[in-house]
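**Student:** I have a structure I would like to understand better, so I am pasting it below and will then ask my questions one at a time.
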Amino acid sequence: MRRFLSGDEAFAEGVRLAAPEVISAYPITPQTVVVEKLSEMVEDGSLDAEYIHVESEHSALSCAIGASAAGVRTFTATSSQGLLYMAEGLVYASGGRFPIVMMNADRSTALPWNIYGDQRDSLALLDTGWIQAYAENAQEALDMALMAYRIAEDSRVSTPFMVNLDGFILTHTYETVDIPDEEQARAFLPPYETENRFDFDSPKNIGFSAGPETNYIFKYKEHAAFERAVGVIEESERSFAGIFGRKYSGLIDTYLTDDADYIIVTLGTIAGLCRDVADKLRSQGIKAGVIRLRYVRPFPGKEIAAAVGSAKAIAVLEKDISFGNAGTVYTNVAAALQWAGVTAPVYNFIGGLGGKDISSDDVRRIYDDTAKGTDRVTFIGIEGDAQ
Amino acid sequence: MRADQLDKNEYFYGHKACAGCGGSLAVRAALKVLGERSIAVLPAGCMSAVGFNFPQLCFGNNAIISMFAGTASMLTGVEAGMRRRGYKDFHAVGLAGDGGTADIGIQALSGAIDRGDDILYICYDNEAYMNTGIQKSGLTPYGARTTTTPAGRNIRGNIRPKKNMFEIVAAHDIPYAATATVGYINDFIDKVEKASKIRGTKFIHVIAPCPTGWGIPVSDTIEVAREMADCGLWYLAEYENGKFTLDRDPGEFKSAEAHLRRQGRFKHLTDEDIDLIIKSRDEKWEKIRREWK
Ligand SMILES: Cc1ncc(C[n+]2csc(CCOP(=O)(O)OP(=O)(O)O)c2C)c(N)n1
Ligand code: SF4
Ligand SMILES: [Mg+2]
């Protein structure tokens, strides 16, 4: 069935198809549409779930962890301040190996207050042990909702999964979306089975303390699960393509990178504009390419290095800054390229903070500066006086 | 139910709580009442710290540590999840300290009561943050010395009264709330049993002395707890169907001064401090006796 939906609405449809049994969420712009839609689905019976009106994001995640420990599929959603408020729960959920799925509407963080999209909220929490995926359009958002559950709940992974949608640009923009039917969804996503849950026949103590003698083993296991997740993501996408007929390309999505001299590495919705500009540059004889990171954890270091090949220079464009250093995506990409022996220079372009528009002229300038060589970190739009 | 009629199985066993720990007694007794079909949620605090040290896990029933602020919210999720799995006859029980309840966890507790979630929340009150080394909590009583309310020349311990948690909870129109003490363990056991049969949110606030933090001999836990109720510095009451009831009127109070003076944490109090404590006790009881009959 094809419908005209916003990113948030499409994601809610994906959640409906995944049929979580417990949903606990707290409203925050621009995530609200998702929780409103899910409430309506619970009300009209199209989704048979417990919708729990928690009193905060901390409780939203705490409740989801409790339900997951009880052994049922759970969902929560948040954004920005809410995600930061959940931070304690993020490491708790991953350390406990609870495969909770969350949608995060990527939004700027206060101060100054700002409700528009950038990626500082989720990228600041990259080290919390959650799989992090970034959707580019509403269809991918819906599809990622389903894939998130399958990947997170796979016993080789058992890791929570955060799907990020650019605030407003994706959450509130309407597109035509294909909604799979429930039977297909059931074929793709088996019921959640786990041993990591309470059991009256064989009682469990879960979520415990572990001292220095054993703690590192638990942490290593979390890390190893991310390495296995790479294969599980591939497997899930293959199965997805078989059932739904839509193909995805794993951790990254490449555009004209095979022979590219200059490549922008980016994530989220801005990739579309980058591809557009790359096309125009190609028509002028400049070999431009684009890599879009679909996943930031597990980090596609090898995949990026392979796609970069022998490009002459690389730009990382992101809506994030780790103050006092560079963008977080940049430091990840630069480290991966260095490890792979890529010697081409890598430049960082910070844009879109607080929802600031990134124009095609901006992207063209990124390609120009990358070709000419520039500062290691450039804030788009900051020149002269502003400094 | 009497203590000697309790389930012979142990559900909190092999933990490393200090000798004479009142909290561990409350947890042990409550779980014996609730039995094997209970799921215990314990936030950060002494009882989780002494009971969940991998690989020495001390709960005979299902149990989990919650985030410090998340006892009630995790209980909500556990209850909903188990119900979705088709279970009907089980108890989701929280066992949280005074700090985990009256301070950092009060928001989640309020939310759960507001939703009417079918959970039993037991606050074992040792009147300070014991696990982190005896710091003041919202339930630390007036005058008590803690490591963050030192008794010095300028300030003599905690200058704020104990937060009125029982009535705060009751103000939510909760189906059942009660106060108790490990000093009167049969009363506590009865209240746990009663709560376990009521649907909706239940709250029991049980005084559980901590010899380490209170500065009392490990053999005196029960005596001190009992004395606290007998001298009027604690009260045994219930809130049900919108009404408060006083379960036990000690009549003439035992000496509050003697009760305070035997505890290291009150050693520094002057006669005037003790008079103040007695005055506020009398005001409280005047209200209790008038309104909670
Ligand atoms: C969010 C958070 N803040 C602080 C702590 C540190 N902490 C652990 S236990 C504890 C005190 C617990 O006091 P209480 O709830 O009264 O239980 P008790 O230890 O006295 O049994 C504190 C402050 C923590 N674990 N989590
Ligand atoms: S410090 Fe107090 S509350 Fe903690 S285990 Fe020891 S006696 Fe019990
Ligand atoms: Mg305490």
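Protein chains in written order, with my numbering: chain A, 9 to 395; chain B, 25 to 317.
Think of the CB as a built atom: it goes at the ideal place given N, C-alpha and C, for glycine as much as any other residue.
Name, going along the chain, the residues of the stretch 34-66 of chain B whose beta-carbon falls closer than 8 angstroms to a beta-carbon of chain A.
**Tutor:** E60, R61, I63, V65
**Student:** Near R11 (chain A), what residues of its chain come up, given a Cβ to Cβ distance below 7 angstroms and the 5 sequence neighbours on each side ignored?
**Tutor:** V185, I187
**Student:** Quick one, which residues of the stretch 208-232 of chain A are near chain B if we go by CB-CB under 8 angstroms, in chain order?
**Tutor:** Listed in sequence order: F208, P211, K212, N213, I214, G215, F216, S217, A218, G219, T222.
**Student:** Based on DSSP bridge pairs, tell me the residues matched to I31 (chain A).
**Tutor:** Per DSSP, A:Y59, A:F83.
**Student:** In the DSSP assignment, the beta strand (DSSP E) including L19 (chain B) goes from what residue to what residue?
**Tutor:** Here chain B covers residues 25 to 317 and nothing more, so residue 19 (chain B) does not appear.
**Student:** Secondary structure at I128 (chain B), three-state DSSP: helix, strand or coil?
**Tutor:** coil
**Student:** Going along the chain, which residues of its own chain have a beta-carbon closer than 8 angstroms to the beta-carbon of L270 (chain B), five neighbours each way excluded?
**Tutor:** Y259, L260, A261, I312, R313, W316, K317
**Student:** Give the DSSP-derived three-state secondary structure of Y166 (chain B) in the structure shown.
**Tutor:** coil
**Student:** So if I threshold CB-CB distances at 7 angstroms, which residues from the stretch 91-107 of chain B count as touching chain A?
**Tutor:** M91, A93, G94, S97, M98, L99, T100, G101, V102, A104, G105, M106
**Student:** Are there any heavy atoms of ligand 2 lying less than 7 angstroms away from the beta-carbon of V230 (chain B), as far as the coordinates show?
**Tutor:** Not so, every heavy atom of ligand 2 lies at least 7 angstroms from the Cβ.
**Student:** With DSSP as the reference, please indicate the residues paired to I228 (chain B) in a beta bridge.
**Tutor:** B:I146, B:A202
**Student:** Report yes if the C-beta of E96 (chain A) is less than 7 angstroms from at least one heavy atom of ligand 1; otherwise report no.
**Tutor:** yes
**Student:** Under 6 angstroms Cβ to Cβ from I137 (chain B), same chain only, skipping five residues before and after it: list those, please.
**Tutor:** H196, I198, T225
**Student:** Beta carbon of C82 (chain B): closer than 7 angstroms to some heavy atom of ligand 2?
**Tutor:** no
**Student:** Between B:G275, B:A280, B:Y35, B:N210, which lies nearest to L55 (chain B) when the distance is taken from Cα to Cα?
**Tutor:** Of the residues B:G275, B:A280, B:Y35, B:N210, the one whose Cα lies closest to the Cα of L55 (chain B) is B:Y35.
**Student:** Taking contact to mean 3 or more Cβ pairs, one atom from each stretch, closer than 8 angstroms, check whether the stretch 195-208 of chain A and the stretch 170-179 of chain A are in contact.
**Tutor:** no
**Student:** Which partner residues does N213 (chain A) have in the DSSP bridge list?
**Tutor:** B:A87
**Student:** On a CA-only basis, which of A:I60, A:A233, A:G359 is nearest I278 (chain A)? Give me that one, please.
**Tutor:** A:G359
**Student:** If you draw a straight line from the alpha carbon of V74 (chain B) to that of A41 (chain B), how long is it in whole angstroms?
**Tutor:** 5 angstroms
**Student:** Considering Cα atoms alone, identify which of B:T171, B:E296, B:H115, B:T164 is closest to S220 (chain B).
**Tutor:** From the listed residues B:T171, B:E296, B:H115, B:T164, the smallest Cα separation to S220 (chain B) is found for B:H115.
**Student:** When the Cα of E63 (chain A) is compared with those of A:Y93, A:A78, A:V341, A:D56, which residue comes out closest?
**Tutor:** A:Y93
**Student:** Does the stretch 247-262 of chain A come close enough to the stretch 281-295 of chain A that 3 or more CB-CB pairs lie under 8 angstroms?
**Tutor:** no
**Student:** Can you tell me where the alpha helix (DSSP H) holding R10 (chain A) begins and where it ends?
**Tutor:** Premise fails: R10 (chain A) lies in the beta strand (DSSP E), 10-14, not in any alpha helix (DSSP H).
**Student:** Tell me which residues of the stretch 67-83 of chain B have at least one Cβ-Cβ distance to chain A shorter than 9 angstroms, keeping chain order.
**Tutor:** So the list reads S72, A73, G75, F76, N77, F78, P79, L81, C82, F83, given in the order they occur along the chain.
**Student:** Quick one, are the C-beta atoms of A72 (chain A) and T82 (chain A) less than 8 angstroms apart?
**Tutor:** yes
**Student:** Return the CA-CA distance between F92 (chain B) and P67 (chain B), expressed in angstroms with no decimal places.
**Tutor:** 5 angstroms
**Student:** Quick check on the burial criterion: 16 or more other C-beta atoms within 10 angstroms. Buried or exposed for L119 (chain A)?
**Tutor:** exposed
**Student:** Does the count of Cβ pairs from the stretch 143-161 of chain A and the stretch 21-32 of chain A closer than 8 angstroms reach three?
**Tutor:** In short, these stretches touch, since the Cβ pair count reaches three.
**Student:** Write down every uninterrupted run of the alpha helix (DSSP H) in the stretch 303-390 of chain A whose length is 4 residues or greater and which is fully enclosed by it, in chain order.
**Tutor:** 309-316, 336-347, 368-380
**Student:** Residues of chain A with CB closer than 9 angstroms to the CB of R139 (chain B), please, in chain order.
**Tutor:** I60, H61, V62, E63
**Student:** Compare the Cα-Cα distances from V171 (chain A) to each of A:R164, A:A149, A:S163 and report the closest residue.
**Tutor:** A:A149
**Student:** Between which two residues does the alpha helix (DSSP H) holding N210 (chain B) run?
**Tutor:** 209-220
**Student:** Give me the Cα-Cα distance between L293 (chain B) and Y208 (chain B), rounded to the nearest whole angstrom.
**Tutor:** 27 angstroms
**Student:** Just the C-alpha distance for R35 (chain A) and A113 (chain A), rounded to the nearest angstrom, thanks.
**Tutor:** It should be noted that the sequence gives Pro, not Arg, for residue 35 (chain A). Spanning the two alpha carbons is a distance of roughly 11 angstroms.
**Student:** Counting only runs of 3+ residues fully inside the stretch 35-91 of chain B, write out the beta strand (DSSP E) ranges in chain order.
**Tutor:** Restricted to the stretch 35-91 of chain B, the beta strand (DSSP E) segments that are unbroken, complete and at least 3 residues in length are 62-67, 86-90, listed in chain order.
**Student:** Residues with a Cβ closer than 5 angstroms to any heavy atom of ligand 2, in chain order?
**Tutor:** B:A41, B:C42, B:C45, B:G47, B:C70, B:N150, B:M154, B:C234, B:T236
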